[in-house]
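Student:
Protein chains in written order, with the working numbering: chain S, 1 to 629; chain W, 1001 to 1543.
(1) Given that residue 1052/W touches chain S, what residues does it touch there, using C-beta distances under 8 Å?
(2) In whole angstroms, what is the alpha-carbon distance linking residue 551/S and residue 558/S?
(3) Counting beta carbon pairs with one atom in the region 260-267 of chain S and one in the region 390-403 of chain S, are three or more of them shorter than 8 Å?
(4) Which chain W residues sit within Cβ distance under 9 Å of residue 537/S?
(5) Could you work out which residue in 1058/W, 1143/W, 1167/W is closest to residue 1088/W when comparing CA atoms only?
(6) Run through chain W and tell me which residues come within less than 7 Å of residue 75/S, C-beta to C-beta.
(7) Do residue 529/S and residue 1096/W have their beta-carbon atoms positioned less than 8 Å apart in this structure?
(8) With distances taken Cα to Cα, identify the nearest neighbour of residue 339/S among 71/S, 218/S, 468/S.
(9) What's the C-alpha gap between residue 129/S and residue 423/S?
(10) Please go through the region 1268-1310 of chain W and give each complete alpha helix (DSSP H) segment of 4 or more residues, from N-terminal end onward.
(11) Output needed in chain order: residues of the region 35-56 of chain S with a Cβ under 7 Å from some Cβ in chain W.
(12) Should residue 1408/W be labelled buried (16 or more other beta-carbon atoms within 10 Å of its own) or exposed?
(13) Give me the Cα-Cα distance between residue 1064/W and residue 1008/W, rounded to the nearest whole angstrom.
(14) How far does the alpha helix (DSSP H) with residue 1344/W in it extend, from its first residue to its last?
(15) Measure from the alpha carbon of residue 1246/W to the alpha carbon of each residue in 1421/W, 1366/W, 1293/W, 1255/W, then state which is nearest.
(16) What residues in the region 507-523 of chain S bring their beta carbon closer than 8 Å to a beta carbon of chain W?
(17) I'd like to know if the region 1216-1226 of chain W and the region 1397-1407 of chain W are in contact, where contact means that at least 3 CB-CB pairs between them fall below 8 Å.
(18) Using DSSP bridges, identify the partner residues of residue 717/S.
(19) Counting only C-beta atoms, is residue 1188/W closer than 8 Å to chain S at any point?
(20) Taking Cβ-Cβ distances shorter than 7 Å, what residues in chain W pair up with residue 534/S?
(21) By how many angstroms is the C-alpha of residue 299/S removed from the C-alpha of residue 229/S?
(22) Just tell me which of 1100/W, 1170/W, 1341/W has its CA closest to the CA of residue 1513/W.
(23) Quick one: is residue 415/S buried, meaning 16 or more other Cβ sit within 10 Å of its Cβ, or exposed?
(24) Using C-beta distances below 8 Å, list every residue in its chain close to residue 641/S, excluding the 5 sequence neighbours before and after it, in chain order.
(25) Secondary structure at residue 192/S, three-state DSSP: helix, strand or coil?
(26) Shortest alpha-carbon distance to residue 1449/W belongs to which of 1301/W, 1084/W, 1528/W, 1210/W?
(27) Are there 16 or more other CB atoms within 10 angstroms of the CB of residue 311/S, so buried, or fewer, so exposed?
(28) For the region 1519-1535 of chain W and the region 1488-1496 of chain W, state whether three or more C-beta atom pairs, one from each stretch, are separated by less than 8 Å.
(29) Indicate whether at least one CB of chain W lies closer than 8 Å to the CB of residue 631/S.
(30) Would you call residue 171/S buried or exposed, if buried means 16 or more other Cβ atoms sit within 10 Å of its Cβ?
(31) Could you give the distance in angstroms between the alpha-carbon of residue 608/S and the alpha-carbon of residue 388/S?
(32) When you compare the CB positions of residue 472/S and residue 583/S, do they come within less than 8 Å of one another, or not?
(33) By Cβ distance below 6 Å, which residues in the same chain neighbour residue 572/S in space, the five residues on each side in sequence not counted?
(34) Which residues share a DSSP beta bridge with residue 1021/W?
(35) Rounded to a whole number of angstroms, what is the C-alpha to C-alpha distance between residue 1305/W and residue 1485/W?
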């Protein structure tokens, strides 16, 4: 019997009238969207806030409100990580177990918390106070090992943090941002206001010439002129795909019988990436202004910001900024008295990396599982609610006010060859100064690592992931490459989300692949056969190698499986899952062969259930010579 | 609305030129070009999912393989369904589908008609290299009264999900979780119990959804297949009857039953690809509770007799009534369950006899819905009407009850299901001779003085006319059980004994006579009716 079926037996006496008090609020949520079903995720969140978890009866109740069969509500509840199908403790401790945090001691962190609380991941303490879970990337990599306690981001987790967690969890400090500065730049562009006090308020934004670019666009420029300026800037999509923004904007039809939408992809999820969280937390009005300009350029009067479910505090900050923008009249029926109306709705996700893929995001926004769509049609023609939709990453839109203020050509010159502008680089892993750095896209990877303080004392650089976990890995000697889309593509990897994960010589590459393949197996949406089966298969093989049961033919099998997934699927998740497999095995072949032959790690680690990867702030643990299995 | 001519486009598939309407997909074009491409998630009656990926083909100019089911065919396109790239893509997808698939073939009902087996033999035949623990999921889960789920066998093609969303619009199925833990199922509080649940078994390409009625009954390679039409209601969904061909050598299978299952057959104008559960599972009467012996009942004692003796008794009564001009005291209650041939034989014989109290009775109306189910639970009401037979047996029954009829000849139906049981009993007791000519035992047959066993529709050739006015053929799957004969055959024997001028040689010949005599049937022959039926004259042929 499936887990949810056995649960329903226990809850057969549950009274759905407990949910009725929520009806008014649920109906108010429905009213925000053009289609009822889009309210599914937020209403489920509402139910969970009240009940602590989602029961089958609650699913039926939600289904009746949004007009969807209960099976499809159950699909949503089981698809997204953040929905609980069982009650959880008062404090749900979700510890990141992805690669960047692992490089900074996530495993030791998990073991320590587990020991102190007396429960294993997946369990709840007998007094009902704590539930411990391991989760995938929270995008707090600069503060690894990181965790989320209910809605709060906490990191780096130290022995003191764990003590505080046990004694007084309410006083755990929320993770702040770690902006390190603009590298080799006279003046920061995107991150200019990050270190200012109260930078997120509308007052300081207006003080710093905020909302002038949008005023210029609305009052003095035509939509086409705006698009032309963005095209001139060579701005490329900074979510990862690097598609020319101006070109994408020009795809939206000028005339449309259906209303047009702007959708902001704030579903930051690529392991190693932190930048959108910084923009939203530190300079939300910049994003709002970017949305305003984009909406004007394509003729949209409604924008949705799809922000990952884990970003609770950033979503709060953004909502406050939006509320203030309404108060000042920038949003609402007529910005700058031009009669151009714009509404922005914040829509929180529920825990699924795949919803960062633009068509999966739209599906999720519409209230369904994050299943990428068959293309064509593309979002520009048929996107949100089958209407023309412009969908852009947070950082991409954040560049737009500056482009209009300083001109597209100015922005283009800041960049590198065909790519304009600067980027926010997220640096994590084995560097002494992890955090967010701004730099021109002409910066070399080696320079960036140096700016981040380089590797730790006495250590050597071994490998770097330049653009989030999907990006093919570069060996230390390959780090003299400009951190720009075309340059990195020519170097056999990709710029992606500019999530730079640095690995020194204490890193076991087989273990790195274990984290990568675990991530992809966990995040595959499961829609199409090659990815669903391939990601699971790859993880099972790598796991077996890690456990010392590898076989000679496993490496060929892994490479074969990776190749067989590529190019055969509905979206590029499968390709992204294939690239780490291909690059780690190819570039560090001897290490993999050694693991299979010797059934141990040549970095002196023995295998067992709790592997460690160079623990940093590990609580009172000795070095990893002897590892308990 | 003016007729618009659809633009035709021409493309090349495996070197063959094929012309199709603009809007056709590559997969459909390949089918037309007789270079079929394998598929799982594609179904012509459902929306495109594009998730199985096994229909990947090589299209000139595209660097990546494209899924044929979703890619529109364009003018001048060059498709290769057998290139090395295509075959490799196909084989790789098959490998992915099989790695977690349980090795259930020896215990799986789908064996022999499983698309994983079939495509593996055609496109796989590789050395397996999966050495891991397969993902475990629930097995043998009853989803409702008709369907059994084995979630491990499921390849997540989502056909069942789309069926319950788009066709029945009941939304029972969902695919839960994500990644390689994805699992097909129902909402925890629900069961699969709509009017069309059995169809999900048809459309499931593998043994994930299997029929509970058919479970472990018979291996499919023992099955014979005969085209027929369902007789459960007036829609006449096109069917295939699967019988146990090995019955003589394997009498233990399903305790010697002949019919193993009934599946729908595609007919775009009648039932598309579907049939209802009532019809699908309503075949048991073909083998169960059959009237197999001729019976004669006198003074309360029932004897099994030979045909000659029984018919002698009947003919004696008919002759007596005829020669004493008392044919008005004979009544015949035909049934809309009878074939056109049976009804025509009856009309001719009784006309020749001068027996004018001939009516047909349809069963009590039942459940209907917006999809296929019709309230009229008989297959040939339109046929009876087209042959000019008047409807309604109430009058005859009342006359019989009031001792105004000497002979009452009832065909097929249990009249106690339609009329007040007391009335029927009175009628039975107050006629001199109650003849029941039918297929299965029922209260009416229990009261009859003469029981003449009949062939069911699966035991004879014939035609029915559905509610749209579509004439459709049924074919004999096997010989009638025991002493049973086709209704028209019995009437033919009676006619010959009475030396009536009626010639009834076989079903096709009878049909030709119908076509000659009745303008509605003009121009129709068994050939023209074919496997998809043909409309009566003047009918529109709407679904």
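Backbone N, C-alpha and C define an ideal beta-carbon position, used for all residues, glycine too.
Tutor: So, to answer that:
(1) 528, 529
(2) 11 Å
(3) yes
(4) Residues of chain W passing the Cβ test: 1096, 1099, 1100, 1130, 1132, 1180.
(5) Answer by Cα proximity: 1058/W.
(6) 1174, 1175, 1176
(7) yes
(8) 218/S
(9) 42 Å
(10) 1277-1280
(11) 56
(12) buried
(13) Between the C-alpha atoms of residue 1064/W and residue 1008/W there is a straight-line separation of about 26 Å.
(14) 1340-1353
(15) Of 1421/W, 1366/W, 1293/W, 1255/W, the residue nearest in Cα terms is 1255/W.
(16) 521, 522, 523
(17) no
(18) No answer is possible for residue 717/S: it lies beyond the span of chain S, which begins at 1 and ends at 629.
(19) yes
(20) Ordered by position in chain W, the residues that pass the 7 Å Cβ test against residue 534/S are 1096.
(21) 16 Å
(22) Nearest of 1100/W, 1170/W, 1341/W to residue 1513/W, Cα basis: 1341/W.
(23) Its Cβ being crowded by 16 or more others within 10 Å, residue 415/S is buried.
(24) The structure shown does not extend to residue 641/S, since chain S spans only 1 to 629, so no value can be given for it.
(25) Coil, per DSSP.
(26) 1301/W
(27) buried
(28) no
(29) Any property of residue 631/S remains undetermined from this structure, which presents chain S solely from 1 to 629.
(30) exposed
(31) With a pLDDT of only 42 at residue 608/S, under 50, the local geometry of the prediction cannot be trusted, and no value is derived from it.
(32) Their beta carbons are under 8 Å apart, which means residue 472/S touches residue 583/S by this criterion.
(33) none
(34) 1008/W
(35) 15 Å
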